[in-house]
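Numbering that gives the first Met the number 0 numbers the first residue of the sequence shown as 0 and each following residue consecutively. Comments concern the structure below.
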Amino acid sequence: MITLPAALAGKQDQAETIQKQVNQTIAKAEIQAEQLAHELNSGQLSFSTLLSIAHYPTHIYKGNRLVFWSEHAVITELDITPATDHISFSGSEFGRFIVVPRQVREYRVYVYIPLETDYRVKNEYLTRKLSEEIFGKAAVMVLQNHLAPLPKIYSPTGTYLFSLNLESPTGNDGQQTVQLLLLLLAIVLYIAAAIVYCQQQVRRANYGRGVITMLVALIVLRIVLLLFNLPFAIIDLELFDSRLYASSSWSPSIGDLALNMLLLLAVAGAGVYLYFKYDITQQLKTLSQKQARLVIACCIVALYLLLVVLFRFYFGIYHNSPLVLDINQSLEFTKYKVILYSIMLLHTIALCCFTYMLATTVIVLVKRNLGWTYRLLLLIFVVLLVSALLGPVQFWALIVNGTLFWLVILLSAQYRKVVNTAFRGYLFVFLVLMMSALTGAFALYRHYQSQVRQYKQSFANSIIQGNDVVGEYFLDEVAARIAADQLIRSKMLGPYVDASFIKRKITRQYLHEYFDKYETNVLLFDSRGNSLESADTTAATLQELLKKYNTPENRTERKNLFLVQDPARYNSRLYFKLIKVPLGHQQEGTIVLQLSLQKLLPHSLVPELLSNQKSSQPFRTDLLSYAIYEDRKLSFSEGQYDYATNLDPAHIGHSEFYRDGHNQGNYHHFGVKDGPHRVLVVTTQKYSVWEVLSNFSFMFLIFLAGIILILLLVLLARPAYIRDFRPNFSTKIQVFLNFGILLPLLLVSITTASLVTASYKRDLMLTYEQRGRIVQETLGDMLSAGVTYDKNELQQRITEVAAISETDINLYDRNGRLLTTSQPLIFEAGLLSKLVNPEAFAAISERQALRVLLQEKAGNLTFNSVYLPLRVNNDPFSIAGFIGIPFFDSEKELDMKLIELITTTMNIFTVMFILFMLLTFFASRVLTVPLRLLADKLKRTSLTGKNEMLAYEGADEIGMLVNEYNRMLLTLEQNKQDLAIQEKEAAWREMARQVAHEIKNPLTPMKLSLQYLQKAIEENRPNTEQLISKISQTLITQINILSDIATSFSSFTSMPEPKAELVDVATALRKAADLHNDPASAHVVSDIPAEEVMVMADESLLVRTFNNLLLNAIQAVPTTRKPQIRVELSQNAQEVYIRISDNGSGIPEEIRHKVFVPNFSTKYTGSGIGLAVAKRGIENAGGRIWFETEEGKGTTFKITLPLANHA
């Protein structure tokens, strides 16, 4: 058994698949032929009936006369007449077909199965196309060479049809697929190993090593893919093909660019991860003022550099890709456009990560340097703006963009109380999206300007140059090759001269893409100078042509080349090239190439349609105008723009007019000098601010939709995020208002766009019909005048009518064959056949339609055509011919209107969205002000202080809540008075009990000492005097204790009211910690930021509280261990947080509730009022004090105080 190589086996399998498809298609065509035969056997030849049957292109002949055709956009004028008795293959320069014949009585039916459609030109509209029904997505070449060693295709009866050249890429075979899968598996395993290692390092708290190792692994992988051109070296993937995008060796394709953006996103994400893991914000607080200002300056400048990189990124995409990404030029969405927009989104997300770190750093540091930061930002803005305006590249939009970003960030940092944390994040994301979209729109504008200048410079140079030097050189080369062509010689020498074949061969094979800007005509003459086109009896002889054009003013430097220029048109060129062709026997024929430079026709797509232009221009070239100024005086102009009225010649003297051009009104003028006194001005419509806004709106909405989609995917993957999401009341109001406003706006926009689009289409169709009626009336009047025109005269009259009506006109005879046309290139290029549209023929000739408006298609271009009958003396029953008016620009015109409508809708929607976003913020602020005020009052409500009532005049739900709050205060005040009386009584009882207890303690030893002294006196002991002295000392000691107790209680009852003042709590705490930090007796560790932390409190009471807490902490440590005291201070947007921890014995469970009770103490010498005084001082400042303790390990006292701006 012989095994074929994989490649050969794959080709054989593909050939077998194509053979099956050919058999199935032929079977369908035979069924169609059978149905047509049945209708013909009925004796009725109805176009309408036959058209309903004919799905494949079909021709029906009666004898040698064509009586039916089903298609006019597929050329079926074959080089070889197909066989009538069997299925055959045939073709022409416009395509190849399988022909299925059928003989029905006197009728011959030919059903054509298109295999390949081709055109003389190649552009975005006209491309070679294979039948998908037969070949699918395969890339093959159809050849008719029975002897070639290629896979062959046969008819069901075994007749050879054609061969397949499968040398072109035919798709991904199995080996390539396996190699690609192995590569993907290797990449997945490599990345998985890097992730595992990174996770191990992270678990060990080696965050930097793990993350950096992961990034290095990804970068190495990316470099390897680039060095070995993977995966493109394995499989021919269009995504990695440089034809769609090629920027540099680092980004040689769209796929590589996408991988680069994923790598950049990984770097940005890693930066944010490390930023949080290493708590950079806390480290920033320890910087000195000088260091902080340096970091702020670096962050501000870094953002401008990021914007420059972003601009270069966008400009590179626009410049290096042939895809049209300007929403003002194209609404078409291809998969590669979606990929490019996704790449832009990835870059924007990476930008969001980088700017988040920069903005967070500035927000942390700016509090102590707010005024200085504003001055620095202003200075940087002025310096950069002046540099940009004076420099070669104007980056002023980026500078304004970055400055506005920093202003918003600084304002949100300055007014933290106004902007809550949730909304700051919400605002930041939208701010970055707008910044990225605006940069992208500006880059697109700069790219457009660059393209326009380049095109205008090239266009002006081609006009300034009187003769076409390059074209003349090419014509000499073409003439030599044509004269040496043996096939052309034989065709001209034979008894029957195939003029059409010779013309096709010359225009298709020898006149290459350079001559697309010329309208070409080929004239053939024999050795006597007579025309070889037998059908044209009015053609001029060669002698007449030479007599007319062989004059001194028309001769050029090259032999047999004449240039005719019209003095009335500055940019007119008509070349005549005489080519002598040897015919033998010392005879020679002559071929004359007539090339006429195409004139600018407003609203005409034909020049663009018939050119080999591979990419679209940045603007509509049919709307371009130009003028010649000599000594600043208008000497010639062409196009729609009125230079004499609108353009001020004074601008021509400015240097900017020749460098960047000049904007005036809605037009952009660009000048090119032609000597010291002559200037050529090229004019197009300018790129307006509205178009920049359209691109901004489109990109912003694309990015917004992408972010929303990513969030939805994350929420679907992690439903726990939804459960953990707890928005505050302001956020809920903003979300509901946004949806409540924007959803109706979106529905209204869609509805309006649909209605206006339908209206546009109706108006466009009415316009076409009106223009068609005008042409019909004009040609009808010509026909009714009874004047007989020869072919050339008729051609001239049709061209005149077409120029006046600004349309393309095709005139057909009563049998539907083309008589003449104002655009013969349409038919020469193979866009249309020389038969009228069969649907129009059936509607007008059979159903007596007054006019027919049809949608037709040529290549990839869809357009509308109007067909009207041409009648003699308006006789409704006599049809002299048919008028066909194709509007090739109809689709483009409708697209432009739709683009204008959609961009307008997007602009309105985007502007309203941004405005409503701000509106919802202020609305939520207004709606929640009473709630915040109420919350602030509730926070300050106490039994000891004075409580103020709220004033609210509204009768809404908030008013009801305020009223209930005020009633609660009245009740609370009454209860407070009652409670105060009870507390006073209880306090006095407790005071009396405590005083009695404290006094009783020293009185007992005093009483015992006196009794002992009394007994000693009574017994006349000898040591009475010594005893008296000893007892006296004891009494003095106990009396001092009583005095201390009385002083302590006196001090507590006579403490003055605390005085609230602005206090730097960080400085006070730092001094207290330093005071008690004695390395010999206690070790106090402080974590207090260097910056000021201002609160409203009584400074002396605050210092006394800190000293008391620190002293208690030191005294709470047993003598068996050294006191280790830790003092910490931190803050958030609203309050300061203080912790004082010790390593003491802790507080027993049974006495924890008595810690803040006055006169309670665990120390023998304590009075028990220290912590009570501390609690009173902290609560008076609006704060709170509490403790956490664990027996045997220590106690932590915690204090919160409101910041001064929140007090």
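Note that beta-carbon positions come from the ideal geometry of N, C-alpha and C, so glycine has one too.
Any idea if residue i is buried or exposed, counting beta-carbon neighbours within 10 angstroms, 16 or more meaning buried?
{"i": "E518", "result": "buried"}
{"i": "W249", "result": "exposed"}
{"i": "D888", "result": "buried"}
{"i": "I884", "result": "buried"}
{"i": "G90", "result": "buried"}
{"i": "L377", "result": "exposed"}
{"i": "Q775", "result": "buried"}
{"i": "C197", "result": "buried"}
{"i": "L715", "result": "exposed"}
{"i": "D1097", "result": "buried"}
{"i": "W1185", "result": "exposed"}
{"i": "N1111", "result": "buried"}
{"i": "R572", "result": "buried"}
Among the options, which residue has its Cα nearest to the Cα of residue i?
{"i": "Y625", "options": "V21, H668 and L220", "result": "H668"}
{"i": "I211", "options": "L1026, D240, F227 and L262", "result": "L262"}
{"i": "S246", "options": "L182, L264 and R311", "result": "R311"}
{"i": "Q281", "options": "N327, L1128 and I1184", "result": "L1128"}
{"i": "L383", "options": "K1006, T333 and I299", "result": "I299"}
{"i": "K27", "options": "T1119, V110, L160 and I279", "result": "V110"}
{"i": "K760", "options": "L793, R722, M781 and N863", "result": "N863"}
{"i": "L238", "options": "L286, L831 and S320", "result": "S320"}
{"i": "L163", "options": "A192, Q178, G207 and L114", "result": "L114"}
{"i": "Q453", "options": "G660, L510, L978 and M343", "result": "G660"}
{"i": "M356", "options": "L229, V428, Q288 and S287", "result": "V428"}
{"i": "L560", "options": "V591, P1117, I1124 and F524", "result": "V591"}
Would you please state the rounded distance, in angstroms, between the beta carbons of residue i and residue j? I believe it to be under 8 Å.
{"i": "F886", "j": "Y767", "result": "6 Å"}
{"i": "V21", "j": "T57", "result": "V21 to T57, Cβ: 18 Å. No contact."}
{"i": "F699", "j": "L918", "result": "Incorrect: roughly 18 Å between the Cβ atoms, too far for contact."}
{"i": "P150", "j": "A14", "result": "3 Å"}
{"i": "I17", "j": "I133", "result": "6 Å"}
{"i": "Y628", "j": "V678", "result": "5 Å"}
{"i": "A1071", "j": "V1102", "result": "6 Å"}
{"i": "N836", "j": "L853", "result": "6 Å"}
So what's residue i in DSSP terms, helix, strand or just coil?
{"i": "S864", "result": "strand"}
{"i": "F441", "result": "helix"}
{"i": "Q175", "result": "helix"}
{"i": "D977", "result": "helix"}
{"i": "T16", "result": "helix"}
{"i": "W1185", "result": "strand"}
{"i": "Y964", "result": "helix"}
{"i": "L510", "result": "coil"}
{"i": "Y414", "result": "coil"}
{"i": "T540", "result": "coil"}
{"i": "F231", "result": "coil"}
{"i": "K289", "result": "helix"}
{"i": "Y153", "result": "strand"}
{"i": "S489", "result": "helix"}
{"i": "T555", "result": "coil"}
{"i": "G1191", "result": "coil"}
{"i": "V469", "result": "helix"}
Beta-carbon of residue i versus every beta-carbon of chain C: anything under 8 Å?
{"i": "G583", "result": "Protein chain content of the structure displayed is limited to a single chain, and chain C is not contained in it."}
Report yes or no: do the stretch 922–936 and the stretch 946–959 share at least 3 C-beta pairs separated by less than 8 Å?
Taking a cut-off of 8 Å for Cβ pairs, the stretch 922–936 and the stretch 946–959 touch, as three or more such pairs fall below it.
Does the stretch 490–507 come into contact with the stretch 799–816, if we say contact requires no fewer than three beta-carbon pairs (one atom in each stretch) closer than 8 Å?
no
Is there contact between the stretch 685–704 and the stretch 434–444, where contact requires at least three CB pairs shorter than 8 Å?
yes
Indicate whether the contact test is met: 3 or more Cβ pairs, each with one atom in the stretch 1192–1199 and one in the stretch 1136–1145, closer than 8 Å.
yes
Whether or not the stretch 30–50 and the stretch 94–102 are in contact is what I'm after, with contact meaning three or more pairs of Cβ atoms, one per stretch, closer than 8 Å; do they touch?
yes
Three or more C-beta pairs closer than 8 Å, one from the stretch 743–758 and one from the stretch 892–901: is that the case here?
Counting C-beta pairs closer than 8 Å gives three or more between the stretch 743–758 and the stretch 892–901, which meets the contact rule.
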